[in-house]
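**Student:** Take a look at the following structure, please.
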Amino acid sequence: MTESFESSLFPVPLGRAAEPQEVSQVVLFLLSDESSYLTGSEVVIDGGLTVGVPRKCLAPENLF
């Protein structure tokens, strides 16, 4: 990762980008029988970025 990319992750509470395996584990869970009771749900994989942040603050022009 480049230094500028890493510094852009400052607002993410976990302080890093997700690993591909972390994202794929969520996808596999959603495809499995274990998620059979989930309906109409949105699963956000963002390292906690959107927790408690007003939506207008998440507009691309306001993020970094």
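Residue numbers for the sequence shown follow the working numbering, beginning at 1 and rising by one.
Ideal placement from N, C-alpha and C gives every residue a C-beta, glycine not left out.
Here the structure is a predicted model, which is why all the values come from computation and not from measurement.
Nearest-angstrom Cα distance between residue 48 and residue 24?
**Tutor:** Taking the first residue of the sequence shown as position 1, residue 48 is located at position 48. Taking the first residue of the sequence shown as position 1, residue 24 is located at position 24. Looking at the two C-alpha atoms, the distance is approximately 17 Å.
**Student:** Once you ignore the five residues that flank residue 14 on each side, which residues in its own chain have a CB closer than 7 Å to its CB?
**Tutor:** As a working note, residue 14 is residue 14 in the sequence shown. Correct list, in chain order: 47, 48.
**Student:** Ignore the nearest five residues each way along the sequence and tell me which others in residue 22's own chain have a CB closer than 8 Å to its CB.
**Tutor:** Counting from one through the sequence shown, the residue named residue 22 turns up at place 22. Cβ within range, chain order: 45.
**Student:** Please look up how many angstroms separate the CB atoms of residue 43 and residue 30, rounded, as I've assumed it's under 8 Å.
**Tutor:** Indexing the sequence shown from 1 puts residue 43 at position 43. Indexing the sequence shown from 1 puts residue 30 at position 30. Their Cβ separation, rounded to whole angstroms, is 7 Å, which keeps residue 43 and residue 30 in contact under 8 Å.
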